[in-house]
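All remarks here apply to the structure that follows.
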């Protein structure tokens, strides 16, 4: 009796999804800017000032970037490990 091979999806798909989620979170958090404007009246003699920057602040942006790179490196390592295990 001949057995037909069953389709088995690659076992690395959860790691690919995790990488995509990290990228989506980074785009949503790093793409958002905050700012404020201080308007003075002309009688006060001061000039109006506007500032803007990342919503997480500079330190938060760096922390998010470092954690995201570490997570993507780990997920990629898991994918490579699974691919090597399937070859053997």
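Numbering (the working numbering), first residue to last: 3 to 90.
We put the CB at the ideal spot given by N, CA and C, even for glycine.
Because the structure is a prediction, the values reported are computed rather than measured.
For the options 14, 46, 79 and 37, the alpha carbon positioned closest to that of residue 52 is the one of 37. Taking a contact to require three or more Cβ pairs closer than 8 Å, the stretch 35-50 and the stretch 11-25 do not qualify as touching. Bounds of the alpha helix (DSSP H) holding residue 70 are 59-89.
Taking 8 Å as the cut-off, the beta carbon of residue 71 is found no closer than this to the beta carbon of residue 31.
Listed in chain order, the non-local C-beta contacts of residue 81 below 6 Å within the same chain comprise 14 and 17, local neighbours out to five positions each way being set aside. Boundaries of the beta strand (DSSP E) harbouring residue 54: 51-56, taken from the DSSP string. Straight across, the Cα-Cα distance linking residue 62 with residue 6 is about 53 Å.
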